[in-house]
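Chains U and V, in that order, give the protein sequences. Under the numbering used here, the residues of the first sequence are numbered 1 to 484, in order. Under the numbering used here, the residues of the second sequence are numbered 485 to 977, in order. Each residue gets a CB set at the ideal place from its N, CA and C atoms; glycine is no exception. In this text the structure is predicted, and so the values were computed from the model without any measurement. One structure is given here, and the rest of the page talks about it.
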Amino acid sequence: MLHDLSIGALADRLAARELSSVELTRHFLARIERLNPGLNAVITVTAENALADAARADARLAAGERGALLGIPLIHKDIFCTDGVRTSCGSRMLDNFIAPYDATVVAKLKSAGVVMLGKANMDEFAMGSSNETSFYGPVRNPWDTTKVPGGSSGGSAAASAARLAPFTTGTDTGGSIRQPAALTGITGVKPTYGRVSRYGMIAFASSLDQAGVLAQSAADAAAVLKVMAGFDPKDSTSVDAPVPDYPALLNASLKGLKIGLLREFFDGLEPRNAQLIRDALAVLTSLGAETVEVSLPHLPMSVPTYYVVAPAECSSNLSRFDGVRYGYRCENPKDLTDLYERSRGEGFGAEVKRRIMTGTYVLSAGYFDAYYLKAQRVRRLITDEFRAAFDQVDLLAGPTTPTPAFPIGAKMDDPVTMYLNDIYTIGANLAGLPGVSAPCGFVDGLPVGLQLIGPHFAEAKLLGAAHQFQLATDWHTQRPRGYE
Amino acid sequence: MSNWEVVIGLEIHAQLATRSKIFSGSPTAYGAAPNTQADLVDLAYPGVLPVFNGEALRMAVKFGLAIDAQIAPRSVFARKNYFYPDLPKGYQISQYEQPVVGKGAITIVLDDGSVKRIGVTRAHLEEDAGKSLHEGIANASGIDLNRAGTPLLEIVSEPDMRSAKEAVAYMKKIHTLVRYLEICDGNMQEGSFRCDANVSVRRHGAEKFGTRAEIKNLNSFRFVEKAIQYEVARQIEIIESGGKVVQETRLYDSDKHETRSMRSKEEANDYRYFPDPDLLPLEMEAGFIAEVRATLPELPDEKAARFARDFALSGYDAGVLSASRELGAYFEAVVAALGSAPGQTHAKLAANWVMGELSGMLNRDNLEITDSRISARALADLLRRIVDTTISGKIAKEVFESMWTDGKPADAIIEERGLKQITDSGAIESVIDEIMAANPKQLADYRSGKDKLFGFFVGQVMKATGGKANPAQLNELLKTKLAGGQAASAPLS
């Protein structure tokens, strides 16, 4: 079936003119129509635009143009501004917001000839680990629709896992690509901070946010990342460094690759999950990699550190949503204060409000030093520990999440337990490092992810290791029942 | 009053004269239709990001070098968080703990001629807010975001000023400086240059400062003076009647010439400053400071010192003539065109005319020196006729007025109207003889000791000659004649 093919295989068929982009687009639109109601992964379908874009891609192909993504459909996380299309960020606040411009990521993919099928559900303003905070309702995990798909890129992950598109985009502030990728059995890549432009990506925590990709395999992700990455003068934090040819670097041998096992990531990890990770590392060693145990003593402090830094930045980033220029505005405000209070009170959901309040608190006079400044110091310690670790090893490895997908509703009343879901992913965000989650087995029929973390700009090495792992295993080709 | 010492510090906001905004590509020109100079970044649309305009850094560094301040090798943008409709992001990007310009100082000249040093604590870069419009819209307020994102340099002084006059002198000095540096147009009506004043009073000899009030948004030198005077009197009255000054922000009402409370310390915002994660710290690249230093013009103090030294002008004259680059340049052009005899210039004459007649006309017609109707060269042509005694200073004023209105050269006017001075002794003598003959009584009185009548005879001769008699010659000749002597030809001076 078309949706089983890799991006490379689809591109070959498009290039050979055995398949048109319009046909491919229709195929996925039909899957969305049939399968999405059970998942709620896609909240905006742009069928008409998609078919027009596909026709344009076909014209380019007919004219002899070739491209790794030319004519390939995708679904964007609804955090990316898409010109003329609603960009809700999963919030009532932006339910009526039609973006007047394209995010750099969107523009880059568009000019590569990618066809947007629609926009993916997500946790409200990317705040959540289960995709239950969305104004548009929870997303269901295709492996078990009573379970969460993870978050915040839960819609993107579920859509990729259910093959509603060949790939989807996501963003990762504390694990929001890797964690849902792990819980839905797909490959998720969070690039180095600064590798992909943040322009047009609605900000949650600016110093942590990074756009990435959720795909069927490391090879597919490599093809997409090559197009997404690169310096953007509109984003001062994007880095002006050449973009490697990721697909061409996938076949580097793992011989002599030193992989550090993060001791802290195995403390308290469920034994069956731990075993799957050890099995995965055995595969990597069989391919020539060496493993050593590595310790980052401050890593366990990443969750509390993150939950100071991220809310602090979000409390400021979300101030622009004030009901004045765009987005939700309350009915009949009686004065300015009323306009602010009710527009924000009614426009934001509970989790967003919780984080705004937390962030406002930690930045307040008298608390700033004890919280924000201290958190920044710990962040630096964690970054330094990662750097020291990468003096000894090429990559670090461990689980992506402490448990497989949990039931919808199970953790919504307990934010701290929910926050602990990101315990293994947050460190890479604090240090700005790239990370990959790749499927490595199942516990009780639910996927488990292997996480690899690399030094800054080591995406090629990460994707290469994940690709070699996927050549030796078939976890990433497993399909959830009903979505074959 | 004399028991009290006034303590003033100013925070001056100078809009930097960049063409585009500090964090977006929108133009900064003043006066466009509302919201036509605001792009998605200025409007704080979801997902947009600020990109720093390096020209603003260059200008800030220029200012720092001009006041001999430390330039921070690394400075950081911070967010100042508060809600207001004219602040679209809900925060202002400013600098907080690490400003670009550190401690520096300028000097001002006090009334008694003494020089006082005023410390500058810091100067930092930030963006301006938009404007709320409360008139002309029923049941609503309008917002114009054209100004949002205009670069500002906030210049914070030490609490070194001791009177409203000193505060004005300081503000004028900074005003002169930013215009010299061409980093701010200094237009106060348009709000390009404005200040907040922190004012407190304490008894003479007290060690601790009194509680201060901050008066917001003063956009004229006169308002600064009036507002401070009012505020000082208000605070003294409160304390003398047993009350306590409260720390608060006050607004100046320029119609009533009074300040009134805007918000107290308790109501003050907690701005929750933190480093802006969207912007990298500004790292001063090697050589950048030297490169900027090389672009510094001659500064006002340097120019004034040079004028005083090279042209033998008083400190006051040198100060006035160096108050703006344009005025200084005009004055120098007059001196240069006038030429000089070995060992002496006619700089004092030029200075008097530029500060006197010319400035008077410019003020009358509300013109800048650059718009003067008489060019420096044309003025020099006129002054040359005083120097070579073709006309007297008095006649020259008449010629000057004609030049101003008609735009004709001085020589043409002198020629046309026959204003050439009479320097022929014989001609002057015969007029004197006529006057003496026509006024026998005054002549007798003079000769019997009423010296004051000398002026009467001068006046009569001038009247009869249409003011054209050479004054020095006339004096000599008249003295001799009135004394009853036979005049010898008076030499020309």
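Check	Outcome
By the 10 Å Cβ neighbour count, where 16 or more other Cβ atoms means buried, how is SER295(U) classified, buried or exposed?	exposed
In angstroms with no decimal places, state the Cα-to-Cα distance between SER508(V) and GLU581(V).	24 Å
So within the stretch 342–430 of chain U, which uninterrupted alpha helix (DSSP H) runs reach at least 4 residues, ignoring any that extend past its ends?	350–363, 374–392, 415–419
Taking the runs of the beta strand (DSSP E) that are 3 residues or longer, which of them lie wholly in the stretch 277–317 of chain U?	290–294
Return no unless some Cβ of chain V is closer than 8 Å to the Cβ of CYS314(U).	no
For LEU766(V) and chain U, any beta-carbon pair shorter than 8 Å?	no
Which residues share a DSSP beta bridge with PHE442(U)?	PRO447(U)
Around the C-beta of LEU276(U), are 16 or more other C-beta atoms found within 10 angstroms, so that it is buried, or is it exposed?	buried
Of the choices THR104(U), VAL189(U), ARG342(U), SER206(U), whose alpha-carbon is the least far from that of ALA222(U)?	VAL189(U)
Determine the direct distance from the alpha carbon of ALA428(U) to that of ALA411(U), and round the result to whole angstroms.	Rather than Ala, the amino acid found at residue 411(U) in this sequence is Lys. Rounded to whole angstroms, LYS411(U) to ALA428(U) spans 24 Å at the Cα level.
Rounded to the nearest angstrom, what separates ASN959(V) and ASP929(V) at their Cα positions?	19 Å
Going residue by residue through the stretch 876–923 of chain V, where are the continuous beta strand (DSSP E) segments of at least 3 residues, counting only ones entirely within it?	none
CA-CA distance, ILE79(U) and PHE167(U)?	16 Å
For the beta strand (DSSP E) that LEU869(V) lies in, which residues bound it at each end?	Contrary to the premise, residue 869(V) reads as Arg rather than Leu in this sequence. No beta strand (DSSP E) holds ARG869(V); the alpha helix (DSSP H) holding it covers 860–871.
CB-CB under 7 Å to PHE791(V), same chain, minus the five flanking residues each way: which ones, in chain order?	LEU797, ALA802, LEU805, SER806
Can you list, in chain order, the residues of the stretch 511–542 of chain V whose Cβ is nearer than 8 Å to any Cβ on chain U?	LEU524, LEU527, ALA528, TYR529, PRO530, GLY531, VAL532, LEU533, PRO534, VAL535, PHE536
Is there a C-beta anywhere in chain V that falls below 8 Å from the one on MET127(U)?	no
Between PRO138(U), ARG344(U), VAL352(U), ASN317(U), which lies nearest to ASN40(U) when the distance is taken from Cα to Cα?	PRO138(U)
Considering VAL818(V), what are the terminal residues of the alpha helix (DSSP H) in which it resides?	809–822
Where does ASN850(V) fall in DSSP's three states?	coil
Starting from THR460(V), follow its DSSP beta bridges and name the residues at the other end.	This structure cannot settle anything about residue 460(V), because the visible part of chain V is limited to 485 through 977.
Which chain V residues sit within Cβ distance under 7 Å of CYS81(U)?	PRO530, GLY531
Kindly indicate the opening and closing residues of the beta strand (DSSP E) around ALA498(V).	488–499
Use the C-beta contact count for THR425(U): other C-beta atoms within 10 angstroms, 16 or more gives buried, fewer gives exposed.	buried
Based on the DSSP output, what are the partners of VAL239(U) in its beta bridges?	DSSP lists no partner for VAL239(U).
Measuring straight from C-alpha to C-alpha, what distance separates PHE758(V) and GLN470(U)?	44 Å
Please confirm whether ARG195(U) and GLY113(U) have their CB atoms less than 8 Å apart.	no
Output, in chain order, the set of chain U residues within a Cβ distance shorter than 7 Å of GLY620(V).	Ordered by position in chain U, no residue passes the 7 Å Cβ test against GLY620(V), which lies about 18 Å from the chain.
May I have a chain-ordered list of the alpha helix (DSSP H) segments no shorter than 4 residues that lie completely inside the stretch 687–716 of chain V?	none
For my contact list, GLU610(V) and GLN576(V) are in at a C-beta cut-off of 8 Å; report their separation, rounded to the angstrom.	6 Å
So that I know if they touch, is there some Cβ in chain U lying closer than 8 Å to that of LEU617(V)?	no
Between which two residues does the alpha helix (DSSP H) holding LYS832(V) run?	831–837
For PRO233(U), return the contacting residues in chain V, with the cut-off set at a CB-CB distance below 8 Å.	VAL535
Note down, in chain order, every chain U residue with its Cβ under 7 Å from the Cβ of LYS505(V).	The contacting residues do not exist; LYS505(V) stays about 14 Å from chain U at best.
Below 7 Å between beta carbons is the criterion; list the residues of the stretch 567–592 of chain V that meet it against any residue of chain U, in chain order.	PHE567, PRO569, PRO572, LYS573, GLY574, TYR575
DSSP puts GLN576(V) in a beta bridge; with which residues?	LYS564(V)
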